Amino acid sequence: MLPHYWPTPVTGDPLIYGADVSIALVSIAILFVLFYYKKWGWLWREWLTTVDHKKIGILYVIAALLMLFRGGVDGLLMRTQLAQPNMHFLESEHYNQVFSTHGTIMILFVAMPFMFALFNIVIPLQIGARDVAFPYLNAISFWMFFFGALLLNISFVIGGSPDAGWVSYAPLTEKQFDPGPGENFYLMALQLSGIGSMATGINFLVTILRMRAPGMTLMRMPLLTWAVLAASIIIIYAFPALTIALALLLIDRVAGAHFFTMGHGGNPMMYTNLFWIWGHPEVYIVLLPVFGVFSEVFPAFSGKRVFGYSSMVASLMAISIVSFLLWAHHFFTMGAGPGVNTYFGIASMAIGIPTGVKVFNWMFTMYRGRIRMTMPMRWAVGFIPNFVIGGATGVMLAAAPGDYQYHNSFFLIAHFHQVLIGGTIYGSLAGMYFWWPKMFGFTLDEKRGRIAFWLWNVGFYVTFFPQYLLGLMGMTRRIYTYPPGMGWTNLNLLSTIGAFLMGLGFIYIVWDILYSTMHRSELKDVTGDPWNARSLEWSLPSPPPHYNFAVVPTVTRRDEWWELKKSGRADVLRPTAQDIEAIHMPNNSGKPIIFSVFFFIVGLGFVFEWYAVIVIGLAGVLATMLLRSVEEDTGHHIPAEEVRHEEMALGRM
Amino acid sequence: MSSHMMEGGHGDGFTPHGRSFPWLHVVGYLLSLVLTIIAFLAVLNHWLSGRTLISIIMLLAVMQIGIQLFFFMHFTEGHGPRYHIMALGFALFFTIIFVGGSVWIMSFGGSQAY
Ligand code: HEM
Ligand SMILES: [Cu+2]
Numbered sequence: 004m005l006p007h008y009w010p011t012p013v014t015g016d017p018l019i020y021g022a023d024v025s026i027a028l029v030s031i032a033i034l035f036v037l038f039y040y041k042k043w044g045w046l047w048r049e050w051l052t053t054v055d056h057k058k059i060g061i062l063y064v065i066a067a068l069l070m071l072f073r074g075g076v077d078g079l080l081m082r083t084q085l086a087q088p089n090m091h092f093l094e095s096e097h098y099n100q101v102f103s104t105h106g107t108i109m110i111l112f113v114a115m116p117f118m119f120a121l122f123n124i125v126i127p128l129q130i131g132a133r134d135v136a137f138p139y140l141n142a143i144s145f146w147m148f149f150f151g152a153l154l155l156n157i158s159f160v161i162g163g164s165p166d167a168g169w170v171s172y173a174p175l176t177e178k179q180f181d182p183g184p185g186e187n188f189y190l191m192a193l194q195l196s197g198i199g200s201m202a203t204g205i206n207f208l209v210t211i212l213r214m215r216a217p218g219m220t221l222m223r224m225p226l227l228t229w230a231v232l233a234a235s236i237i238i239i240y241a242f243p244a245l246t247i248a249l250a251l252l253l254i255d256r257v258a259g260a261h262f263f264t265m266g267h268g269g270n271p272m273m274y275t276n277l278f279w280i281w282g283h284p285e286v287y288i289v290l291l292p293v294f295g296v297f298s299e300v301f302p303a304f305s306g307k308r309v310f311g312y313s314s315m316v317a318s319l320m321a322i323s324i325v326s327f328l329l330w331a332h333h334f335f336t337m338g339a340g341p342g343v344n345t346y347f348g349i350a351s352m353a354i355g356i357p358t359g360v361k362v363f364n365w366m367f368t369m370y371r372g373r374i375r376m377t378m379p380m381r382w383a384v385g386f387i388p389n390f391v392i393g394g395a396t397g398v399m400l401a402a403a404p405g406d407y408q409y410h411n412s413f414f415l416i417a418h419f420h421q422v423l424i425g426g427t428i429y430g431s432l433a434g435m436y437f438w439w440p441k442m443f444g445f446t447l448d449e450k451r452g453r454i455a456f457w458l459w460n461v462g463f464y465v466t467f468f469p470q471y472l473l474g475l476m477g478m479t480r481r482i483y484t485y486p487p488g489m490g491w492t493n494l495n496l497l498s499t500i501g502a503f504l505m506g507l508g509f510i511y512i513v514w515d516i517l518y519s520t521m522h523r524s525e526l527k528d529v530t531g532d533p534w535n536a537r538s539l540e541w542s543l544p545s546p547p548p549h550y551n552f553a554v555v556p557t558v559t560r561r562d563e564w565w566e567l568k569k570s571g572r573a574d575v576l577r578p579t580a581q582d583i584e585a586i587h588m589p590n591n592s593g594k595p596i597i598f599s600v601f602f603f604i605v606g607l608g609f610v611f612e613w614y615a616v617i618v619i620g621l622a623g624v625l626a627t628m629l630l631r632s633v634e635e636d637t638g639h640h641i642p643a644e645e646v647r648h649e650e651m652a653l654g655r656m
Numbered sequence: 013m014s015s016h017m018m019e020g021g022h023g024d025g026f027t028p029h030g031r032s033f034p035w036l037h038v039v040g041y042l043l044s045l046v047l048t049i050i051a052f053l054a055v056l057n058h059w060l061s062g063r064t065l066i067s068i069i070m071l072l073a074v075m076q077i078g079i080q081l082f083f084f085m086h087f088t089e090g091h092g093p094r095y096h097i098m099a100l101g102f103a104l105f106f107t108i109i110f111v112g113g114s115v116w117i118m119s120f121g122g123s124q125a126y
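Listed in order, the protein sequences are those of chains A and B.
Residue numbers for the first sequence follow the working numbering, beginning at 4 and rising by one.
Residue numbers for the second sequence follow the working numbering, beginning at 13 and rising by one.
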């Protein structure tokens, strides 16, 4: 019989027992609510089988916030352990698991779903479309992401978590050095969600290229749409490298191959190389969309059009290409030689140029504008100093000889948190506050939001500035404890205090959401355009009807909605009774979630190396695909009469 | 412009084949199996070695790409702007960058045994 693991529960740590109990309690509570209020049918019909991009977007937001909580708790656990020298809060192995899951979750299951939430919620509305190009595939994307995330998250209660960092470098991750199912969880979780990401990239590339409203030429597209186009290009060409790297490592681990082993002709450094061919573009996948968000937020709240539209477009496209040419700056210390390091160092610094152009453009957009300090604007303004510092430290790291000092120190940690939190997370939150009324029909409360922002912003600097210094003082990353007398103690304590401030900030954001939901009638958005903003989505009611546009608008220039409002002709985007025709919409389907459940089973099979389970799972995957390909599913039409009724009820006719 | 494209579509879809038997797919499938088997046997039976072997395998890989594009992805069909040519151009460009870059990096300027 082939060897395999038993899915044994992880034992021996009070923290894990605590987590077990809370997971059990939450699950029971959810099941209770669903049974008690007989919500199963509703859940299935409205959410689990939906192909509506708006709902899928909301699912991504919820998932991202939940994962931000999980990843945040991981972060606080690490900071608690490091607050003082010689702490025994986490043992070394547990610490390894916590930093590995923290990084993996934050990049793949927080930053990515936040981006996909933006893609889904905004893009079709912004380009005047009724859904994405491939709605069914879009549902598959979400569920593959969801079950990938679930797979990684169950690892800490059964089987054990991955413990070799979010990069999972070989040869440490080869079976020989890292037995047990932990790494398999990592490999399969990323593989499943990677399928979803790839599909999302393709979907939005096609959506943006082919489904724009008539008259919306490329150079009339809002900048968020451009940013998503650029990010989709990166997704499509970067993800295959990750897929290959993970697949080969999995083959090494479960089938005894030697792609990345130390002996038998394997080359462990090739894993590092492949990983970063994906890894560096990945940081731009989670960054370009938020550049898009800022390019919407700054003009909206400065009352001006964006400064330098064409240079914004050019820099987005330049970044999307150049981001593929820099990957080796993540392993200068591998010693590939002066030629290689010099090229990759200089190329990395060069990407600062298009990024700098954008920062200047945002500032010129605000210059002499009529600025309104709303919640989205607050996060956007907070982003600028953050990102400038992050870029500057990035350029420091890109100087290869310098990097021999900074590499894998807390200086590096501070750098990438500066850009990832200061860029991606600030941008996601700006986007969340900005489009929240569009999703739910009410704005989020300012007062609580402001407290959240300041706790978070102050906490951020208090957490990460000491880490730059610690790095320069020689503290390396991924150490679980340190002796007293290194001069590190006070700065570490300060950093931990900052981390808890940020934690408090997160709680305030959640409180803001709950508070605003409870007071949604006072915060209701009746106009559909609560911010007096510029692009097409604000011409629709909040939330928009299922079909988005009763009549697809015709676009004649940039910022169409803003220009119409300015000339007092906003009414031309309202439907008239004779213009309304029957609307063709895609059907809901249960297959995407079922398909993904089978993939989850395949994942579990590989994790525990249970071949029968893999076969069962794959059979299910193939069966659902086969059923889909023989299915006659051409969508349905909403009759014109029904559309007219709906528009009347929305007060638009 | 149509409201959205249904996958596997009628109406807005790209495939003009209707419901006839998918011969193209079957042929493509067989061809890709054959190419895989050739590559596999070449390694297993030590037909060739060193650079020739690697070159042959790379050639077979390129042929596989061609089969994917023409037999499964309907590369020659479609209407509207030729975005797919652009996409393929990008793919070619990035492939050269990745392969060339990796060889350059992993050969350590020629001073390493790999
Ligand atoms: C001017 C722009 C930037 C430059 C020149 C730059 C440069 C670098 C360099 C050289 C490293 C490797 C340092 C080392 O490992 O010793 C690095 C690490 C990193 N950077 Fe940047 N960076 C820039 C912007 C960004 C942005 C915008 C993001 C994310 C949104 C980002 C995310 C990261 C991450 C996640 C790592 C560490 C990965 C790891 O080892 O776990 N960087 N950066
Ligand atoms: Cu990088």
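The beta carbon of each residue, even a glycine, is placed where N, CA and C say it ideally should be.
These figures come from a predicted structure and were not determined experimentally.
Which of helix, strand or coil DSSP assigns to Thr479 (chain A): strand
Three-state secondary structure (DSSP) of Ser412 (chain A): strand
Proximity of Ala401 (chain A) and Met352 (chain A) at Cβ, strictly below 9 Å: yes
CA-to-CA distance, Gly338 (chain A) to Asp55 (chain A), given in whole angstroms: 50 Å
DSSP three-state assignment for Val354 (chain A), whether helix, strand or coil: For clarity, residue 354 (chain A) is Ile in the given sequence; the question names Val instead. The answer is coil: DSSP assigns Ile354 (chain A) none of H, G, I, E or B.
Opposing strand residues paired with Ile161 (chain A) [DSSP bridges]: A:Pro12
Any non-hydrogen atom of ligand 1 closer than 8 Å to Asn411 (chain A) Cβ: yes
Contacts of Met75 (chain B) in chain A (Cβ-Cβ under 7 Å): Chain A residues near Met75 (chain B): none, gap ~18 Å exceeds 7 Å.
Helix, strand or coil at His267 (chain A) according to DSSP, with G and I counted as helix: coil
C-alpha distance - Asp406 (chain A) paired with Thr336 (chain A), whole-angstrom precision: 8 Å
Chain A within 9 Å of Trp35 (chain B), Cβ atoms only: no
Beta strand (DSSP E) segments (min. 3 residues) lying fully within the stretch 397 to 470 of chain A: none
Sheet register partners of Lys527 (chain A) (DSSP bridge): A:Phe445
Beta-carbon gap between Arg523 (chain A) and Gly444 (chain A) smaller than 9 Å: yes
Interface partners of Phe106 (chain B) on chain A, CB under 7 Å: Tyr240 and Phe327
Minimum Cβ-Cβ distance from Trp330 (chain A) to chain B less than 9 Å: yes
Chain-order list of residues whose beta-carbon lies under 6 Å from that of Thr27 (chain B) (same chain, five-residue window excluded): Annotation note: pLDDT 46 at Thr27 (chain B) (below 50); position unreliable, no value reported.
Through-space distance from Ile516 (chain A) to Leu447 (chain A), alpha-carbon basis: 7 Å
Trp459 (chain A) vs Met505 (chain A) beta-carbon contact at 9 Å: yes
Distance cut-off 8 Å: Ser351 (chain A) Cβ against heavy atoms of ligand 3: Summarising the ligand content, the structure contains ligand 1 and ligand 2 and does not contain ligand 3.
Buried/exposed call for Gln84 (chain A), threshold 16 Cβ in 10 Å: buried
Given 8 Å, three or more beta-carbon pairs between the stretch 104 to 124 of chain A and the stretch 73 to 80 of chain A: yes
Inter-residue spacing [alpha-carbon to alpha-carbon] between Arg655 (chain A) and Ala248 (chain A): 53 Å
Residue burial classification, Val633 (chain A) (beta-carbon count within 10 angstroms, cutoff 16): exposed
Cβ-Cβ separation, Val309 (chain A) to Phe195 (chain A) (assumed contact under 8 Å), whole Å: For the sequence presented, residue 195 (chain A) should be read as Leu rather than Phe. About 38 Å; that fails the 8 Å criterion.
Beta carbon of Asp562 (chain A) nearer than 9 Å to that of Pro302 (chain A): yes
Sequence-distant residues of the same chain with beta carbon closer than 6 Å to Trp439 (chain A), five excluded per side: Leu447
9 Å Cβ cutoff, Ala99 (chain B) in contact with chain A: yes
For Gly101 (chain B), the nearest candidate out of A:Tyr172, A:Pro404, A:Ile236 and A:Met219 (CA to CA): A:Ile236
Cβ shell of Trp678 (chain A) (< 6 Å), same chain only, five flanking positions each side left out: Since the first residue of chain A shown is 4 and the last is 656, residue 678 (chain A) is not available in this structure.
For His22 (chain B), three-class secondary structure by DSSP: Residue confidence for His22 (chain B) is low, a pLDDT of 35 falling below 50, so the modelled location carries little weight and cannot support an answer.
Closer than 8 Å at the beta carbon, the chain A residues around Gly2 (chain B): Residue 2 (chain B) lies beyond the residue range present for chain B, which begins at 13 and ends at 126; the question has no answer from this structure.
Selection of the stretch 253 to 286 of chain A by Cβ proximity to chain B, strictly under 7 Å: Asn270, Met272, Met273, Asn276 and Ile280
Buried versus exposed call for Trp564 (chain A) [16 or more other C-beta atoms within 10 Å across all chains shown]: buried
When A:Ile238, A:Glu540 and A:Leu252 are compared against Arg577 (chain A), the one with the closest alpha-carbon: A:Glu540
Interface residues of chain A facing Ile117 (chain B) [CB-CB closer than 7 Å]: Asn276, Ala331, Ala339 and Val343
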